[in-house]
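Since the structure comes first, as structure tokens, the remarks are kept for the end.
In this note's numbering, the protein residues as written are 6 to 96.
Rendered as structure tokens:
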């Protein structure tokens, strides 16, 4: 999963194979994962997170949704991959 952000212990990103779905991000830690739609920000699913962790992730994603949407659209536009071009991401 290419990483677009790391904040408050969360790794935030999306998969290139996610293109057919509406814009969203995955929030992960060593213990849990969650998927959030970006427009509007809404929890899709969560596993392994306590309730407060889901709320923390949602608060962060709400605050940074515009940035994440920009990254989503840039990544999927015309086959352009700005994560690769900038040397960012984890794979």
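Where is the CB? At the ideal position from N, CA and C, for every residue including glycine.
Item                                                                                : Value
Under 8 Å between C-beta atoms of residue 48 and residue 30                         : no
Proximity of residue 32 and residue 17 at Cβ, strictly below 8 Å                    : yes
Helix, strand or coil at residue 21 [DSSP, three-state]                             : helix
For residue 72, three-class secondary structure by DSSP                             : helix
Minimum length 4: unbroken alpha helix (DSSP H) runs contained in the stretch 12-66 : none
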